[in-house]
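Each residue of the sequence shown is one higher than the last, beginning at 1 in our numbering.
Cβ coordinates follow ideal geometry from the N, Cα and C atoms, glycine included.
Notes follow the structure.
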Amino acid sequence: MDGWMDGWMDDGVPVGPGHNGCHGAGLKQEVAAALRALRDNLLAEQKKQEENQAGCSCVVQWKHLESWELQGRSMQQLSSLRASLQQEVHALSSELVAHLLVRDQLRTKQDAMLLDVQDLT
């Protein structure tokens, strides 16, 4: 080994005076294994949540209505359409809140994992 890589093992772990290469390599492998396990758990949990939420989406595909189509409808039809749209907006808002909560939970878990990794190194 000569050049800028002197003092480093092939895997990037520092060696030489003040560095225990074996201990560092073992710690690095342990951290990598822990991160892989956490990643796998999070991916499995995320997949499970996505499968559960796939069935709850109640989005209805609405046909675009022109103004002349609306003018040709009765007040009762318009009121019914309005109520349906309000229900759909409420359902979509609830679904959005649920997705935002999941996102926040995942970010919290990610922050905790980063702190754990920082403590290990």
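| Check | Outcome |
| --- | --- |
| Simplified DSSP state of residue 121, which is helix, strand or coil | coil |
| Separation of residue 88 from residue 33, as counted between CA atoms | 45 Å |
| Stretch pair the segment 32-47 + the segment 100-118: three plus CB contacts closer than 8 Å | yes |
| Residue span of the alpha helix (DSSP H) that contains residue 65, given as start and end | Residue 65 -> no alpha helix (DSSP H), and no H or E assigned at all. |
| Cα-Cα separation, residue 129 to residue 70 | What the structure shows of the chain is the stretch from 1 to 121, and residue 129 is not part of that stretch, so it cannot be assessed. |
| Simplified DSSP assignment, three categories, for residue 73 | coil |
| Sub-8 Å separation of residue 120 and residue 31 beta-carbons | yes |
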